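Beneath this line is the structure, given in structure tokens, with notes to follow.
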């Protein structure tokens, strides 16, 4: 997997992030041009148990059919069940080294970071990419910390220039280009796509902004 290419337009969603059918939303996002999908079933209203596994499997199959990398947020067991392409973990999740011990070597692992220190540690521990942010304020994550803004992104890019970086939080059509210019290799979005009136067109517009 070409990591920088995969994280270029990175869509993150769980059923709690949309009032529409999540399967339809993912299909439309793929049609619009996303390059990666992360299944993040977390927070109020999210699916649990067998429903969660079934939705993950369905979305995994759709992504596989369209050559879109399928990443699972945090849950190693779920990712192994559906044969995901990789995982994404936060600072409060299972440590990267422990995740690496549990999964096959071909699976990638991304780590959320918000400081230079966290980013350097992720690189040292073997992260395949880092999700840097929150760049801007967001309502999509209930546990979001204070934004680091573009200045924080630039500092991290300078500290770990070889590490693939996908920017996280509060990114939309209006600011996507600025985020890329600040040093990101890609942008990740939740609500900008999952709650769009026209998912296909919105995704196409985002792709144009960062091309």
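In the numbering used here, the protein residues as written are 772 to 982. Where a beta carbon is used, it is the ideal one built from N, C-alpha and C, also for glycine. Computed from a predicted model, the values in this text were never measured in an experiment.
Query	Result
Ranges of the alpha helix (DSSP H) found wholly within the segment 779-853, counting only runs of at least 4	793-803, 820-836 and 847-852
Backbone CA spacing between residue 812 and residue 925 [nearest angstrom]	30 Å
Identity of the residues DSSP links to residue 959 by a beta bridge	781
DSSP-derived helix/strand/coil call for residue 884	strand
Backbone secondary structure at residue 936 - three-state DSSP	strand
Range covered by the alpha helix (DSSP H) that runs through residue 981	970-981
Candidates 933, 923, 964 and 801: closest to residue 953 by CA position	923
Backbone secondary structure at residue 897 - three-state DSSP	coil
Residue 958 versus residue 906 - alpha carbon distance	10 Å
Own chain, CB closer than 6 Å to residue 971, minus 5 neighbours either side, in chain order	799, 802 and 803
Exposed unless 16 or more other CB atoms sit within 10 angstroms - verdict on residue 859	buried
Beta-carbon separation (whole angstroms), residue 894 vs residue 865, contact threshold 8 Å	Actually they do not touch by this definition, with Cβ atoms about 18 Å apart.
Residue 879, DSSP secondary structure in three states	strand
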